[in-house]
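All remarks here apply to the structure that follows.
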Amino acid sequence: MRDLVGDTTNPASSLPSEEVGNGFGTDADALAVSSLLAEQYGSVAAGIAERALAAGIAPCAVNIESADEAACLRSFTRMFGRKAYRRPIASEEVDELVA
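Residue numbers (this note's numbering): 3 to 101.
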């Protein structure tokens with residue numbers, strides 16, 4: 003989150019440790035997501051989004067009515083996609099992500 007949106011608050015530290023089943027962290031039977039855990043993930047994600055908007059990661063999203071929504075979304079997708087994918091993203095990928 004630090005590299006993608008500049009969030010240095012270590013948001014994952016508020017989540018419980020992952021459970022390990024049979025000595026592996028990839029045992030699907032031991033990796034159920036309870037409704038409480040899903041709620042915690044949602045809360046952490048909302049906090050990240052709030053801090054990212056406050057930091058100006060998508061300036062036109064703050065006042066979307068005064069900006070061209072489609073252009074803002076495409077611009078944000080191109081910028082964020084470049085960070086997330088660690089490479090420029092093709093126009094077709096932007097189209098797919100926007101859709």
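Idealized CB from N, CA, C, for every residue including glycine.
Identity of the residue in Arg-53, Val-100, Ala-86 nearest Ala-72 by Cα
Val-100
Ends of the alpha helix (DSSP H) at Leu-38?
37–56
Please name the residue in Gly-49, Val-35, Glu-41 whose C-alpha comes closest to that of Arg-11.
In the sequence as presented, Arg is not what sits at residue 11; that position holds Thr. Thr-11 has its Cα closest to that of Gly-49, out of Gly-49, Val-35, Glu-41.
Selected residue, minimal CA-CA separation from Ser-16, among Cys-74, Leu-38, Ile-91:
Leu-38
From what residue to what residue does the alpha helix (DSSP H) around Leu-99 run?
93–100
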